[in-house]
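To start, the structure itself, in structure tokens.
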Amino acid sequence: MKRFLVLSFIILGILGASTFNAQTLSVWIGGHVAELDETWNEVISKFEDNTGIKVEVQLFGFDTYYDHLVTALQGGVGPDLAFADLGGWVPTFASQGWLEPLDDKLNSWDGTNEIWENLWPTVTYEGKRYGLPWYTDARLLLYNKKMFRDAGLDPENPPKTWEEFLYTAMKLTDPSKRVYGYGVSGTKTEHTTLGYMIFLYSAGGKLLTDDYSKAAFNTPEGLRALKFYTDLALKYNVSPNPLSYHEDDYRNLMAQNRVAMAVGGPWSFPLIESANPDIEYGVSIHPYAVTQASVLGGWALVIPSSSKNKEGAWELASYLTSYETWMFWVEQNHGPMPTRRDVARDAPYFQQNENWQVIFEAFPNAIPRPPIPEWPQVSEQIQIMVQDVLLGNSTAEDAIKKAEINVNNILGN
Amino acid sequence: MLKISKNEKTAYKMVLPYVLIIVSLIVFLLTLNIYLSFTNNEGNFTFSNYIEAIKDPVFLIMLKNTVIWTICSVIGQLSLGLLVAILLNQIKKGEVIFRSIILILPWATLDIVAGVTWKWMFNDMYGVINDILFRFGFISDYISWLGQPKTALAAVIIANIWKGFSLSGLFFLAGLQAIPVQLYEAAEIDGANVFQKFTHVTIPQLKPILITTLMFTTIWTINYFPLIYTMTGGGPGYGTETFVTYIYRINFKFLEYNKSAALSNILFLIILFISILYIKVLTKEENS
Amino acid sequence: MYKILSYFLLIIISIIIAFPFYWLIVTSFKTYPEIYSYPLTYYPHDVTFEHFKEIMRLDIGKYFINSLIVSITTSILSLIIAVLPAYAFSRFSFRGKNSLLTSVLLFQMFPMVIFLMPIFNLLKNIGLLDTYLGLILSYIAFTTPITIIFLRGFFIDIPESLEEAAMIDGCSIFQAFYKIILPLTLPGIASVGTYTFLFTWSELLYSMSFLLSKSKQTIPTFLSLFVGQYQTRWGPLFAGSLLATIPPLIIFIILQRYFIKGLTSGAVKE
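So the protein lines, in turn, are chains A, B and C. Straight run, no breaks: the first sequence in the working numbering ends on number 413. Straight run, no breaks: the second sequence in the working numbering ends on number 1288. Straight run, no breaks: the third sequence in the working numbering ends on number 2270.
What follows is the structure, given as structure tokens:
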């Protein structure tokens, strides 16, 4: 018996021995590019061949990635390089002290000037930059050209103003056939916040004050946006039940020719094409009331402060964001949208694709989400606000007032 | 007859190493948890975590959801388990096949597999449940199951009943098979019909199992996390947020560790209270 | 008469209970356009193996093996650790018996979520993060209490006269235990072992957080890969789920006879 126990402990000891190799760089990838595993293999092998550094790549599903990353960073055992969503992750992590500031490295790198200017605020915390934006996107109107044509509308002329938009949506809606004009996102997810923000900014409103210290959306513009956004479903019935659907569902419905317009972006292109190879679609700037507006997103590369190989990590980061790597990437996958202006300008695939040209035109005006550590809580309040109106729990006026109070509380006012 | 010497020393030798380790681990983790719950961001002692946690409007919502979730799941699981156990006890031929499908299949399914399967089945546009209900004329339009708070809660409860009833089923089946046939025969001689046999023989014999199963299932359901997380994430609008999903959200999405520690201590006290209640009832049963 | 009714009801119930599983199987063989098709198809008109090919390409075999290592080791270790305490609780009466038994159950009363960070930090400090051993030890804290309770019940069922007879023949109590008692409780051991196996096989939270290297990760982590940012890749998700369900299913079906027998003596008795 004793012998057995000793033997088991030895075996366990062997099992327990960590095979961690300090020379290997570990990189964690989340977001939808995590699905492009074959391209990652190619790109990483090239790096390994060029530099002789071994890299271990881990791909993650979206929901679990955030929790996994948070757990690891909190415990001080993160990877050497990681993807972080530009929707507020970087400031959140930086405020906890989990990230390495990158200003020195950025200032001496030639690619820094090619990154779109409006991206830097998303990776900045207290004046220091903690991330290198890797890919980005902007939210636009995705629409089904076939449905337009069938309804007698000009597929090359999507609506621009809210009036045109409402008219178009109503013309395209036929509840008896379960066909809808526009998909309103109303789920308890980030999509709803982004949807509202598009309407808010295109009405001339603002989410927070410029210093991100106070709520700024409880204004006539903000109220107008909230009312219109929810009325599309509640009053004009041009949308399926928003509480159950968001952009991705609408994209699938659009592939089935059941929803004519919805919020989408460059990531939507390959996805809608694979759902329906015969789909005819287009993108345009999202319909607006006062000014054209878009919200940007994307992912940045960050280096955890716990990394034992920050130099190597930066080498990998700058390689991944280099002109050559990005040109290759676009050639292989026709996306996503690089954060480098030069690649956007030079890549042949982009030059020949009119949908991408629309994106590049819209992008410089795209607004980032407030880069604050409390963004998840603030975003949640916006989602609750929209849902309260959609559920009929409160009027738009009450909901927006309540959200303003809650957001100000969160921001410490 | 030679009795084994009830040597306390031997007993302690067998028990204490394990108990000491486990208890010290529990004490360590609990102490850490308690410490966290009474600390704020600056590291000072405070009650604010508990106060804020209870004052939060979400607290009452998720408490209500937890109660509904637990009661409905437990009743559903125990009833279905009892029904299935009774039926399986009646047959001999094919019992392996029926047991495999009815009791083993849901239990052997991974939580997250059950979660995504049911999520897909409850899907509005492509969900098979809506399709079947629609085709048979039960509904006139597809229901947005996971998009409305009330139906979402119903959906996760249904999925949970499917996933968890096998445990009750197995317990009850074992219990039924342990009831001596003589008891039924004696009841028949006394002129009892089927229903009376059930209420006067079966139920009393099953009482200890019923109570134990009830306790395990209740505690397990309150603590059960993966299914709701996979299907709805606690939404829509906190519609399916239970105690554990709420603790998880506060901890991971909002990084408010102190508050989640406070909430988990509150949860622990609730569960402790329930367990003590059950144990009291169980010992009273056993002593009678 | 009642038999026919029972069979009839059982068939209906079986169909209803098995349906989700049927749907899982069917969806994993459908093409994407068919998965999203309207009207719904109840069987794949266009059978495809593409999803299975994809998960093979993503190395599901490795995750399978990792899961097997963790689950089997945890089950065996759990039993080894639990057996002596369970025996003691069943045979002896000693001071503090009931309170010790209760304290053992305490762990069961906490949701596992709340111990994630503390155990994570603990493992990190003792250098067991990203090791199978670390994960297995954390699991054992949760699986051994139930194992003890159940094994205790099985031991209670075995008459003490058996040990007494063996001891008269010259065995020590430990020998009597291993040679006589243990073999008789095989059904109980089988039941609890498989419960532990299933628990660890499907556990996501701890395995995802404690096993950081890709080479060590288990099946649930692999499946979570398919819930993506803009879409859930139902095809490979269901294909992987199907494959993941097979081992526990087989073990359970084979051992089901022992469960019932085991449970008869199990949690019922005092």
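Each residue gets a CB set at the ideal place from its N, CA and C atoms; glycine is no exception.
Judged by pairs of C-beta atoms under 8 Å, the region 178–186 of chain A touches the region 246–263 of chain A, as three or more such pairs exist. Contact check for C/F2094 against B/E1008 passes: the beta carbons are separated by less than 8 Å. C/H2051 is a Cβ neighbour of C/P2236, given a cutoff of 8 Å. Closest in C-alpha terms to B/N1033, from the list B/N1258, B/I1132 and B/L1146, comes B/N1258.
C-alpha of C/T2144 to C-alpha of C/S2014: approximately 33 Å in a straight line. Per DSSP, the beta-bridge partners of A/K128 are A/Y125. Using beta-carbon distances, A/V70 counts as an interface residue toward chain B, with a partner under 8 Å.
Counting the other Cβ atoms within 10 Å of the Cβ of C/M2001 gives fewer than 16, which makes it exposed.
For A/E56, the enclosing beta strand (DSSP E) has its first and last residue at V55 to L59. At least one CB atom of chain B sits nearer than 8 Å to the CB of C/T2027. For A/N144, the enclosing beta strand (DSSP E) starts and ends at L140 to N144.
When DSSP states are grouped into helix, strand and coil, A/G392 belongs to the coil group. Residues of the region 2102–2120 of chain C with a C-beta less than 9 Å from any C-beta of chain A: L2116, M2117 and F2120, listed in chain order. Look at C/S2172: its C-beta is not under 8 Å from any C-beta on chain B. Not a single C-beta of chain C is nearer than 8 Å to the C-beta of A/L119. For the pair of segments examined, the region 2109–2127 of chain C was found to touch the region 73–86 of chain A: the number of CB pairs separated by less than 8 Å reaches three. Distance from the CA of B/I1132 to the CA of A/A82, rounded to the nearest whole angstrom, comes to 45 Å.
Taken in chain order, the members of the region 361–395 of chain A whose beta-carbon sits within less than 7 Å of a beta-carbon on chain B are P376, Q377, I384, Q387 and L391.
B/Y1224 counts as buried, since no fewer than 16 other beta carbons sit within 10 angstroms of its beta carbon. Following the DSSP letters along the chain, one finds A/D85 inside the beta strand (DSSP E) bounded by residues L81 to D85. Going by DSSP, C/S2213 is part of no alpha helix (DSSP H) at all; its letter is neither H nor E.
CA-CA distance, A/L194 to A/E404, rounds to 17 Å.
Under the Cβ distance rule, A/D67 counts among the residues neighbouring chain B, one pair being separated by less than 8 Å. Residue contact check for B/Q1182 against chain C: no CB pair falls below 8 Å. Contacts between A/K188 and chain B, judged by CB atoms closer than 7 Å, involve G1235, P1236 and G1237 in chain order. By the neighbour-count criterion, in which 16 or more other beta carbons inside 10 Å mark a residue as buried, C/Y2042 falls on the exposed side. A/T92 is not a Cβ neighbour of A/W299, given a cutoff of 8 Å.
With respect to the C-alpha of A/W162, the residue from A/G97, A/G127 and A/A289 having the closest C-alpha is A/A289. With a cut-off of 8 Å on Cβ pairs, the region 1255–1275 of chain B is not in contact with the region 1142–1152 of chain B, counting fewer than three such pairs.
A straight-line Cα-Cα distance of about 36 Å links A/T339 and C/G2061.
Think of a sphere of 9 Å around the beta carbon of C/F2150: no beta carbon from chain A falls inside it, the nearest being about 22 Å out. DSSP places A/Y182 inside the beta strand (DSSP E), whose first and last residues are Y180 to Y182. Separation of A/P242 and A/E156 (C-alpha to C-alpha, rounded to the nearest whole angstrom) is 27 Å.
For B/I1157, the closest of B/A1187, B/I1139, B/I1071 and B/N1193 by C-alpha to C-alpha distance is B/I1071. Residues of chain B with a Cβ closer than 7 Å to the Cβ of A/N241 are, in chain order, S1144 and G1147. Using a Cβ-Cβ distance cut-off of 8 Å, the region 264–280 of chain A and the region 204–221 of chain A are not in contact, since fewer than three pairs of beta carbons, one from each stretch, lie closer than that value.
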